[in-house]
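Peer 1:
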Amino acid sequence: MKKSKLALYGGTPVRKKPFKPHPVLDKNERREVLSVLETGLFSGFIANAGPAFLGGPKVRKFEDMAKEHFGVPYAVAVNSATAGLHAALSALGIGPGDEVIVTPYTMSASAAAVLMQNAVPVFADIDPVTFCLDPRSVEKKITARTRAILVVHLFGQAAPMDEIMAIARRRKLVVVEDCAQAPDAEYKGRKVGTIGDIGVFSLNQHKTITTGEGGWAMTRDARLALRMQLVRNHGEVVVDHVKSDFDPGPVLGWNYRMTELEGAVAVAQFAKLWKLTAHRVDLVRRFLKAVAGLEGLMAPVTRAGSTHVYFLVPFRYDAAKTGVPRDLFVKALVAEGVPFGAGYVRPIYLDRAYRERKIYERSSMPFDKAPKYRRGDCPVAERMHFEELVTTNICRAPLSPADIDDVARAVRKVHAAVGELAARAAEVVPT
Ligand SMILES: *Cc1c(COP(=O)(O)O)cnc(C)c1O
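With the first letter of the sequence shown counted as 1, position 167 gets the number 1021 in our numbering; the numbers rise by one all the way through.
#1: On a CA-only basis, which of His876, Phe907, Gly898 is nearest Val1091? Give me that one, please.
#2: For Gly910, count neighbouring C-beta atoms within 10 Å of its own C-beta (all shown protein chains included) and say buried if the count is 16 or more, exposed if not.
#3: Who are the near neighbours of Thr1113 in its chain, counting only those whose CB is closer than 7 Å to its CB and skipping five residues on each side?
#4: Could you pull the start and end residues of the beta strand (DSSP E) that Asp952 belongs to?
#5: Going by alpha carbons, who is nearest to Phe1009 out of Arg1077, Arg869, Val1138, Pro867?
#6: For the beta strand (DSSP E) that contains Trp1070, what are its first and last residues?
#7: Could you tell me the boundaries of the alpha helix (DSSP H) in which Pro911 lies?
#8: Rounding to the nearest angstrom, what Cα-Cα distance links Val1085 and Ala1013 in this structure?
#9: I need the straight-line Cα distance from Leu1057 to Thr1065, nearest angstrom please.
#10: Quick one: give me the first and last residue of the beta strand (DSSP E) that Phe1055 is part of.
#11: Is the region 937-956 touching the region 1027-1042, taking contact as three or more C-beta pairs under 8 Å?
#12: For Trp1108 and Ser889, what's the separation of their Cα atoms in angstroms?
#13: List the endpoints of the continuous alpha helix (DSSP H) containing Ile1003.
#14: So is the beta-carbon of Gln1083 under 7 Å away from any non-hydrogen atom of ligand 1?
#15: Could you tell me whether any non-hydrogen atom of ligand 1 is closer than 7 Å to the CB of Ser934?
#16: Going by DSSP in three states, Leu1148 sits in which element: helix, strand or coil?
#17: What are the start and end residues of the beta strand (DSSP E) that includes Phe1169?
#18: Using 10 angstroms around the beta-carbon of Gly824, count the other beta-carbons present and answer buried if the total reaches 16, otherwise exposed.
#19: From what residue to what residue does the beta strand (DSSP E) around Leu888 run?
#20: Would you call Arg1206 buried or exposed, if buried means 16 or more other Cβ atoms sit within 10 Å of its Cβ?
#21: Hey, could you find the ends of the alpha helix (DSSP H) Tyr1208 is sitting in?
#22: Whole angstroms is fine: what's the gap from Lys915's alpha carbon to Arg1111's?
#23: Mind pulling the alpha helix (DSSP H) runs of 4 or more residues that sit fully within the region 1257-1285?
#24: Taking the beta carbon of Gln1059 as the centre, do at least 16 other beta carbons fall within 10 Å, making it buried, or is it exposed?
#25: Considering only C-alpha positions, which residue in the set Glu1274, Pro982, Lys859, Val968 is nearest to Gly1177?
#26: List the endpoints of the continuous alpha helix (DSSP H) containing Glu993.
#27: Just the Cα atoms here: how many angstroms apart are Lys1185 and Phe1194?
#28: List the DSSP bridge partners of Glu1241.
#29: Closer than 6 Å by C-beta to Val913: which residues in its own chain qualify, once you throw out the five before and the five after it? Chain order, please.
#30: Measure from the C-beta of Phe899 to each C-beta in chain B and report whether the shortest distance is under 8 Å.
#31: Is His1043 near ligand 1, going by C-beta to nearest heavy atom under 7 Å?
#32: Thinking Thr1246 and Phe1165 are a contact (beta carbons under 8 Å), I'd like their distance in whole angstroms, please.
#33: Excluding the 5 residues preceding and the 5 following Ser962 in the sequence, name in chain order all residues of the same chain whose CB lies nearer than 8 Å to its CB.
#34: Taking 8 Å as the threshold (C-beta atoms), are Gly1069 and Val1046 in contact?
#35: Can you name the residues that DSSP bridges to His1162?
#36: Helix or strand or just coil, what does DSSP make of Val1096?
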């Protein structure tokens, strides 16, 4: 047999040099963190109604920056987006017996936060263009017990918020926006996270800006903000003593407090959000131009009126057009030294807790009131995940246009060899 050029079959990979790791740090993170080390105040929080109820100076400075940039009156820094989603649902009073409609195609925490309140996640299907919730499916999943819609702006593009908000108003539901993958993305001129009742963002290691672990929630509602602050900081002991113009009601608190070290990094990172986003978008544009027109590989579509901030670049792959199974195509790409994945994360309802409807040893709460979760529940999400989606997270700082050109070259090389891949598809290749 003729010697193959494909790295998968022993050829030379397009890219041997490793890509520079994310994130981008400079003297500003260093200066901010050192100023915390000089004081030794690692956390400014105390669980009482005094001035330390709202945390230390770095955490508050970060919250002020977020409020100003997004034009919202309240921002609540927390130690993860998972904590933020849970605090949001808790602040909104979601609890046992309630149903929350959520997308199955998201990071697991978007649905786990519902279970943390002993409420029931009900999965609606996604739209095959934005990969976010399909409003028609949402409408079909509403029952007398539905209280909320938890919408995720997946991969960096806004979900169809006009339709979602219209449903919510009509059916008297609250809306939480999971913006972990879409900080600064816009929907019809409005930033995501400012449209629903509460918006939640992540600062984990993999997100556009990061503090290692961390996140924040935003709202325009003073009572929701106070309730989230109580949830963040052992609110059950504080609630009788806080001064406010309204009754926040009883609340159960956790410890979702952000440290001053994280707050310090957040201050430096937040100032770079728009620059890092613009860099991502530039790299993606270059990449999409370089791989345009390849049969069977469809570039992501940004809906009119929206912006895309590309946490991931999602392609739709058509095996009928290339003659090569998707997973083999992705394997051939990875062998070329460029990071690609087949699909994103498996639809959540296929995870064990949902399949077995069980999270406690001696109780079936809250699944005793839940639907059975089965393969086939959300056919579009399953088709995208198991058959069509090809994703990469390569378009981000600190990578350069030359790096992205390597990635595009790898895609074109593998695509030019689909004939060979199709002919050898039955071969077992080592991974
Ligand atoms: C990353 C992510 C989360 C969770 O963020 P953490 O800060 O790690 O808890 C939630 N939802 C989505 C969509 C995410 O991508």
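For each residue, glycine too, the CB sits at the ideal point set by N, CA and C.
Peer 2: For this structure:
#1: Phe907
#2: Flag for Gly910 reads buried.
#3: Phe896, Ser897
#4: Segment: none, Asp952 is in no beta strand (DSSP E) and carries neither H nor E.
#5: Val1138
#6: It spans 1069-1073 - the beta strand (DSSP E) in which Trp1070 sits, taken as one unbroken run.
#7: 911-924
#8: It is roughly 27 Å from the alpha-carbon of Val1085 to the alpha-carbon of Ala1013.
#9: 5 Å
#10: 1052-1056
#11: yes
#12: Rounded to the nearest angstrom, the gap between the Cα atoms of Trp1108 and Ser889 is 28 Å.
#13: Where Ile1003 is concerned, there is no enclosing alpha helix (DSSP H), although the beta strand (DSSP E) it sits in stretches over 1000-1006.
#14: no
#15: yes
#16: coil
#17: 1167-1171
#18: Residue 824 lies beyond the residue range present for the chain, which begins at 855 and ends at 1285; the question has no answer from this structure.
#19: No beta strand (DSSP E) holds Leu888; the alpha helix (DSSP H) holding it covers 881-893.
#20: That one is exposed.
#21: 1206-1209
#22: 15 Å
#23: Here the runs fully enclosed are 1272-1277.
#24: Sixteen is the threshold: since fewer than 16 other Cβ atoms of the shown chains lie within 10 Å of the Cβ of Gln1059, the residue is exposed.
#25: Glu1274
#26: 989-995
#27: Straight-line Cα distance between these residues: approximately 8 Å.
#28: According to DSSP, which records beta bridges pairwise, Glu1241 is partnered with nothing at all.
#29: Ala931, Met1112, Gly1117
#30: No chain B is present in this structure, which holds just one protein chain.
#31: The sequence as given places Gly at residue 1043; His does not occur at that position. Result no, Cβ not under 7 Å from ligand 1.
#32: Wrong, their Cβ atoms sit about 11 Å apart, outside the cutoff.
#33: Shown here for Ser962: same chain residues with a beta carbon closer than 8 Å to its own, the five before and five after excluded, namely Val1199, Ile1202, Asp1205 in chain order.
#34: Contact flag unset, no.
#35: Answer is Gln1011, bridged to His1162.
#36: coil
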